[in-house]
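Numbering (this note's numbering), first residue to last: 1 to 177.
We treat Cβ as the ideally placed atom computed from N, Cα and C, and that holds for glycine.
Have a look at the structure below before the remarks.
Set out below in structure tokens:
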């Protein structure tokens, strides 16, 4: 199951990386990292009411023993992500109608959710160009749905190929000289 990217900080981190694959209308960004944790923990609903009695503290705050923490020389390296998280950006300037934005988001979720093996990390699919309104006059037409799905499938095939900058798996030739 693919998780969802929901925090704006995660979107900013992923969109700060170069796109991994592009098509006429979409760009896919990837960051091999896990989502950031929220800064404050959500409420569990077990807090006491503010109208209740104040807790009694028998010991003064200044007299509590200090916990000694051994100094650390370096922070531990972040663990590698264990699964994939998907986010999508469909801006209003490229898809004016909410129906069109919803259709595109559903197609993104459907195509990327059907991938058998999406590498772990944060993935963001971004609509980078609007679809031609003359070619697709209806905001939620079968033609637009089919065109978006075909283009997204083409993007997933590009993602399946190794990046062009990856070294070949064959033997490395010796340097002359």
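For residue j and residue i, believed in contact at Cβ under 8 Å, the rounded distance
i           : j           : result
residue 122 : residue 35  : 7 Å
residue 81  : residue 132 : Contact flag wrong, Cβ pair sits at about 37 Å.
For residue i, the first and last residue of its enclosing beta strand (DSSP E)
i           : result
residue 199 : Outside the shown range of the chain (1 to 177) lies residue 199, about which nothing can therefore be said.
residue 124 : 121-127
CB of residue i within 8 Å of CB of residue j, strictly
i           : j           : result
residue 89  : residue 152 : no
residue 28  : residue 20  : yes
residue 87  : residue 2   : no
residue 26  : residue 128 : yes
residue 104 : residue 140 : no
residue 120 : residue 145 : no
residue 124 : residue 5   : yes
residue 8   : residue 155 : no
residue 95  : residue 130 : yes
residue 143 : residue 107 : no
Limits of the alpha helix (DSSP H) - the one that residue i falls within
i           : result
residue 159 : 142-160
Within-8 Å CB hit, residue i to chain B
i          : result
residue 38 : Among the chains in the structure shown there is no chain B, since it carries only a single protein chain.
Review point. In the region 78-103, which residue ranges form an unbroken beta strand (DSSP E) of at least 3 residues, counting only runs that do not cross its ends?
Key: DSSP assignment within the region 78-103 yields the following whole beta strand (DSSP E) runs of 3 residues or more, N-terminal first: 84-89.
Output the residue ranges of the alpha helix (DSSP H) runs that lie fully inside the region 7-41 and measure 4 residues or longer, sorted by chain position. Unbroken alpha helix (DSSP H) runs of no fewer than 4 residues, entirely contained in the region 7-41, are found at 8-15, following chain order.
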